[in-house]
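Heads up: the sequence shown begins at 211 in the numbering used here, then just goes up one per residue.
Glycine included, C-beta positions come from ideal geometry on N, C-alpha and C.
Down below is the structure, laid out as structure tokens.
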Amino acid sequence: MSKTRITKRELMDFIEWAFNQTDDNMSSYSNPKIAELYMRDTGRYISVSTVRLNRDAWVKIDGKLVKLTPQNSELLAYHPTAEVLPF
Numbered sequence: 211m212s213k214t215r216i217t218k219r220e221l222m223d224f225i226e227w228a229f230n231q232t233d234d235n236m237s238s239y240s241n242p243k244i245a246e247l248y249m250r251d252t253g254r255y256i257s258v259s260t261v262r263l264n265r266d267a268w269v270k271i272d273g274k275l276v277k278l279t280p281q282n283s284e285l286l287a288y289h290p291t292a293e294v295l296p297f
């Protein structure tokens, strides 16, 4: 069986799921543990590498998900109310 790339919608579903997590221990969880929790909660698989690559890459500004890049990383300084992923 060959690996298939995650779709943009599947990635956004994972990121939205991650922002909705309320477990205070999420920041101490490993990438495999987060992937396991996502599978348990949604029934959908996400690779550990996808978790790792996106763990620190997203913020929510005014309710909108924004992927941080070198070109827009200063957004956090201009939006002190920006939410970061809980892990």
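C-beta contact flag for residue i and residue j at 7 Å
| i | j | result |
| --- | --- | --- |
| asparagine 241 | valine 261 | yes |
| isoleucine 256 | phenylalanine 229 | no |
Alpha-carbon spacing of residue i relative to residue j, whole angstroms
| i | j | result |
| --- | --- | --- |
| methionine 211 | threonine 232 | Here the model assigns methionine 211 a pLDDT of 49, short of 50, so the residue's position is not dependable and the matter cannot be decided. |
| tyrosine 239 | phenylalanine 297 | 7 Å |
| leucine 285 | leucine 295 | 15 Å |
| arginine 356 | serine 259 | The displayed coordinates of the chain run from 211 to 297. Any statement about residue 356 would go beyond what the structure contains. |
Below-7 Å beta-carbon distance, residue i vs any chain B residue
| i | result |
| --- | --- |
| leucine 285 | Any reference to chain B falls outside this structure, which holds one protein chain only. |
Residue range of the unbroken alpha helix (DSSP H) whose run includes residue i
| i | result |
| --- | --- |
| threonine 252 | 241-252 |
| alanine 228 | 218-229 |
Exercise for the section: Determine, using beta-carbon pairs with one atom in the segment 237-255 and one in the segment 274-285, whether at least three such pairs fall under 8 Å. Expected result: For the pair of segments examined, the segment 237-255 was found not to touch the segment 274-285: the number of CB pairs separated by less than 8 Å stays below three.
Practice task
Kindly provide the ranges of any alpha helix (DSSP H) runs that are 4 or more residues long and lie completely inside the segment 257-286, ordered along the chain.
Solution key: 258-264
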